[in-house]
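Mind the numbering: the sequence shown is residues 304 to 1448 in this note's numbering, read in order.
Even glycine gets a Cβ: it sits at the ideal position worked out from N, Cα and C.
Worksheet for the structure shown next.
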Amino acid sequence: MGMDFSTLRTLISRYCVGEENWVDSRTVYIGQKEPPPGTEAFIQQRFPDNRITSSKYTFWNFIPKNMFEQFRRVANFYFLIIFLVQLIIDTPTSPITSGLPLFFVITVTAIKQGYEDWLRHKADNSVNQCPVHVVQHGKVVRKQSRKLRVGDVVLVKEDESFPCDLILLSSSRDDGTCFVTTASLDGESSHKTYYAVQDTKAYNTEQEIDSIHATIECEQPQPDLYKFVGRINFYMDSEPVARPLGSENLLLRGATLKNTEFIYAVAIYTGMETKMALNYQSKSQKRSAVEKSMNAYLVVYLCILISKAIVNTVMKYVWQADPNRDEPWYNERTETERQRHIVIRAFTDFLAFMVLFNYIIPVSMYVTVEMQKFLGSYFIMWDDEMFDEELGERAMVNTSDLNEELGQVEYVFTDKTGTLTENNMEFIECCVDGHVYVPHVICNGQVMPGAASMDMIDTSPGPDAREHEELFFRALCLCHTVQVKEEETVDGIKHGIHQGKSTSFYISSSPDEVALVEGMKRLGFTYLRLKDSHMEILNREDEIERFELLEVLTFDSVRRRMSVIVRSSSGRLYLFCKGADSAIFPRVISGKVDQIKARVEHNAVEGLRTLCVAYRPLSQEQYQEVCQLLNGAKLALQDRDKRLAEAYDLIEKDLILLGATAVEDRLQEKAADTIESLHKAGMKVWVLTGDKMETAAATCYASKLFHRNTQILELTTKRTEEQSLHDVLFDLSRTVLRQHGGMTRDTFSGLSGDCTDYGLIIDGATLSAVLRPSHEDSNSGNYKEIFLEICRNCSAVLCCRMAPLQKAQIVKLIKASKEHPITLAIGDGANDVSMILEAHVGIGIMGKEGRQAARNSDYAIPKFKHLKKMLLVHGHYYYIRISELVQYFFYKNVCFIFPQFLYQFFCGFSQQPLYDTAYLTLYNISFTSLPILLYSLIEQHINMDILKKDPSLYRDIAKNSLLRWPIFIYWTLLGVYDAIVMFFGAYFLFDNTTFTSNGQLMTTNTQMMFGNWTFGTLVFTVLVFTVTFKLALDTHYWTWINHFVIWGSLIFFVVFSLLWGGIIWPFLNYQRMYYVFMQMLSSGPAWLSIILLIAASLLPDVVKKVIWRALWPTTTERIQTKRRCLVSEPSTIFMLSQTSSRLSF
């Protein structure tokens, strides 16, 4: 047989395993060496090279791929079809009229996308051609990064980035550790410690590294940055030895080596399989409410277009029923035309009418909206009030597609720690066996309440208490993952740590741990360093104590605790455990639980973050059992996390309670003011946190989420233990609905005095029960609806003890409720990412928990206080501007095309265009595009200081109020009215005609040469001036740029018309516009009629605004009127203008 049984067995075990949750694994041969014969079958797997590709296109596929993507947009595809119809059949207008705008849109977008992709190619090439050092045959060889293969051993030096995902084999440090910063991955600038494989940590030369004979078995690549499961098999003389590998051994591509001279590591994931590359995947596309309204309006206008074409086609054949009309003597048909079937003729005519009226669908609107969003987003980035000097950071815009959504927010979901609070921990006190200790230095200078009655550090408790007290301090000095920065360069001289003096400082990924270790230092116990697996402490007597660190049971958000197992110099074994009170108290068997519990609750009510500390002495036999249990779990390739959790559960029990700590996390500057403003603006604020209820509730009171008169409703585990969930929900439901009489809080305008303010507190466990209907209880199906009904009637909700996924579930639940409100989520940590991605608008805070939230968000701000301006000012402006832009675009295109429709009734439905080809093409591109683009960028209907001072103005634009159907219909009818005035006004001017002496047809009224192009030009001139003046009436914020663009557009139209009709253009096969414009302007009555028609078109809109403002003014309009009266007495015409034609139908 070609394949022996061992190979077959390996293949079967790898690919045909029936075990559930089996993660397909890969085998990596270190240094590309085959394993010894008889140990394991050598199956060479194919892995990708180390090339990173973030670009979308190549030189060859750019045009077809980009065209395909652009024509997937409905509007572009529609205009392409219209363009092709114009090419194929004999249509009344030139193909240029729709081809040129489409070509302009497609070209601009392609250039933008091509340039962005070229930048990505450049970035990829610089990364892929970066040199790396690889160990081959005992020597170090330089290679390009893209040529690196899985299994290569790489040498990385200090301050270099890792070229791919690596397993650490050895380090220049004696203890086999290295320090790494992962700022480019998750933004955390703190130094993290990674550990070399124990069996290879002493190998420090290329020859020693090259002698390693081993294979690594690990899971296939997955995007989770913090999870890795594998094992390494060493082939010694005897049986292979297996060692576990975890995330502490895995160095990720993009991270940087720090404070370590060099390391050797083996490549296990390369190129697009590295964890960093797997995290490139784009977020799901979010669409704003305005975009949805725009698409709905587009469908309506498409229906209007088809209706117009059908009406005209039918009327054409009704008109042509008379043979004299069908074939007049001057326009007889050819024989081919006579023989064509009537259905084909009718269909061709229908398409021709579609082409004639197609300008009612504005292709340029999409480009203008894109430009408005892109350019408008810079106003957030340039805002100096949103610049934080402490961080040196400005607000960032990661996606400009949602700018206007900032003005529509109804629910705000915020994290607590690091978002509402500073995440700048300060040790306040600790309580040991009921004795409270306050450090002799308190940073912020505050004196603790009740300090006089406390036992201070210098009092002498009894001998047992003294021993417990020192054990507590030692526990906090040992139970952590804090690193000591041993050297700090000052003026080029390296200062080392000496006897624990203040030249050293602590670094940790958790600010809580640093605060606790520094607190212990102030209480006399200083943590010095971790060296050769020994932790060193300087006690009160200035003696150094050494503890051997045997095991670390790392912290995780499910267990909410961490532990270490240490051996003291006297040989005693201890397990020290610290964690949340809910995670520690159930596992305690002795200690002064009642006194400590009372103190923990007291501190939680004060808004302090509390942790409990416990210990357990271990015998040698117990320790051996623990080792076996942990090693068994660590070596597992499947379900490692689950098995480790079970092992930790068995180890962390029978604890003796030592005491508790209290750390203060102060509120961020102006957090309370921001929340109060959001409430006044009609938004509901929910706080979603992993903290305990009491601490979170205290923060909510401090931040004015809850007021002293707020009636708190509790939906917590404590209450559901006393009553069933069903009863609790119905009780709460009765309470809120009795007060509001069955009306939801949305019916009330604000937090009115006669309406009781409700605040709801719910915890994670109860939320799970509400969201998870059980089959036994028939009523459980509608728990969700009852819960939502309660939430709707509460002004604020606090969700505590929440897992990251539960935060996203809450957001999803509110998004899917029957009102479909617009939601915003704001957070600063990796645990907030799921919530940020789920909400309509996600905002990340550039905080101390890393930059993952900021990187995954739509917008990033330095501090929570900046949210106020972002929503109440920027959001308000963005929405006002884009809603006017959308409505105005549809309005000006109705004005443009409806006269064309009316004209068909006067030209025998012959598809004769009313306007010249140049006017058709340039109307949306040149004559009317710039004024509305500029308006949509700089319009300020109210001063921004007033918007900040009066948050209730935000309610005027809530629930997409400026893009509702009544307002849309008003704008459309206004367009139709203006079109009728323009068309029939010009028509009556041309009513009486006479022949001049030289045989020309002249109008009696205006002494103007009569002709269809003169008529069309007159209508077009009135049209351009009317729609531009309409925008001028709606403008409140005038600058020199507005004046330049608005009047400049009109001047450009006049100059263009004079040039277009004043010269005989050699490239045109017709000269129908020659001298038409000049001849029209030479008539005095024509000037007067243009002015009269413009005034008649604008008059109804002006009158309607005056009446509406007088009888039913909005809050915004009242403020505008008051402000104008105070500042000056402006001209009447601007007194009449208003915010984006805000209507109250």
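### Query
Skipping 5 residues on each side, what residues in its chain have a beta carbon closer than 8 Å to that of Thr717?
Leu723, Val988, Trp989, Val990, Leu991, Ala1128, Ile1129, Gly1130, Phe1167
### Task
Determine the burial state of Glu725: buried for a count of at least 16 other Cβ atoms within 10 Å of its Cβ, exposed for fewer.
buried
### Task
Flag this pair as touching only if the region 1104-1116 and the region 688-708 have three or more C-beta atom pairs under 8 Å; answer yes or no.
no
### Query
Taking the continuous alpha helix (DSSP H) assigned at Lys788, which residues delimit it?
Looking at the DSSP string, Lys788 is not in any alpha helix (DSSP H); the run it does join, the beta strand (DSSP E), is 786-788.
### Task
Provide the residue span of the beta strand (DSSP E) that contains Glu732, from first to last.
724-735
### Message
Tell me the DSSP secondary structure of Met1105 in three-state form.
### Response
coil
### Query
If you compare alpha carbons, which of Lys442, Gln439, Pro434, Gly441 is closest to Glu463?
Pro434
### Query
If you run the structure through DSSP and keep just helix, strand and coil, what is Phe888?
helix
### Query
Using the beta-carbon count (16 or more within 10 Å), is Gly1351 buried or exposed?
exposed
#### Entry: Per-residue DSSP class, three states only, for His1123
coil
### Task
From the DSSP output, read off the bridge partner residues of Pro920.
Tyr877
### Query
Can you tell which of Val602, Ser1006, Leu469 has its C-alpha closest to the C-alpha of Thr559?
Leu469
### Message
Beta-carbon within less than 6 Å of Val855's beta-carbon, same chain only, minus the 5 sequence neighbours each way: which residues are those?
### Response
Val867
### Query
Which residue or residues does DSSP assign as beta-bridge partners of Pro1269?
DSSP, once it has assigned bridges, lists no residue as partnering Pro1269.
### Option in Leu1266, Pro1388, Phe1291 with minimal Cα separation from Glu594
Leu1266
### Query
What's the gap between the Cα of Phe1208 and the Cα of Ile1366?
32 Å
### Query
If you follow the beta strand (DSSP E) that Ile868 is part of, which residue opens it and which one closes it?
864-871
### Task
State the beta-bridge partners of Phe850 as determined by DSSP.
Met838, Ser871
### Message
Looking at Gly710: is its Cβ nearer than 7 Å to the Cβ of Tyr1191?
### Response
no
### Query
Would His771 be called buried (16 or more neighbouring beta carbons within 10 Å of its own) or exposed?
buried
#### Entry: Terminal residues of the beta strand (DSSP E) in which His1010 lies
Run containing His1010: none; DSSP gives neither H nor E here.
### Query
Can the beta-carbon of Tyr714 be found closer than 7 Å to that of Thr998?
no
### Query
With a CB to CB cut of under 8 Å and the five nearest residues on each side skipped, what residues in its chain are close to Leu921?
Ile868, Leu876, Tyr877, Leu878, Val929
### Task
If I'm right that Ile333 touches Val569 with Cβ under 8 Å, what's the distance once you round it to whole angstroms?
5 Å
### Query
Between the region 436-452 and the region 505-513, do at least 3 Cβ pairs fall closer than 8 Å?
yes
### Task
Below 8 Å on the Cβ atoms is my guess for Phe465 versus Arg556; work out the distance and round it to an integer in Å.
5 Å
### Query
Excluding sequence positions up to five away, which residues of its chain have a Cβ less than 6 Å from the Cβ of Thr671?
Leu1236
### Beta-carbon proximity check, Leu659 vs Thr1224, cutoff 7 Å
no
### Query
Quick one: what does DSSP say Thr361 is sitting in, helix, strand or coil?
coil
### Uninterrupted alpha helix (DSSP H) stretches inside the region 351-432 (no shorter than 4 residues)
365-373, 377-391, 399-431
### Message
Residues in the same chain with beta-carbon distance under 8 Å from Phe1450, minus the five sequence neighbours each way, listed in chain order, please.
### Response
The shown model of the chain, from 304 to 1448, leaves out residue 1450, and the question about it has no answer.
### Task
For Ser1055, count neighbouring C-beta atoms within 10 Å of its own C-beta (all shown protein chains included) and say buried if the count is 16 or more, exposed if not.
Note on Ser1055: pLDDT 40, under 50, position unreliable in the model; the coordinate value appears next. It counts as exposed.
### Task
Verify the contact flag: Leu1170, CB atom, against every heavy atom of the ligand FMN, threshold strictly below 6 Å.
No copy of the ligand FMN appears in this structure; indeed no ligand is present at all.
### Message
Checking 7 Å against the spacing of the C-beta atoms, do Thr1002 and Thr1069 come in under that value?
### Response
no
### Same chain, Cβ closer than 8 Å to Val1348, neighbours up to 5 away in sequence not counted
Leu1233, Pro1234, Leu1237
### Query
Hey, Ser980 and Pro1254: beta-carbon distance below 7 Å or not?
yes
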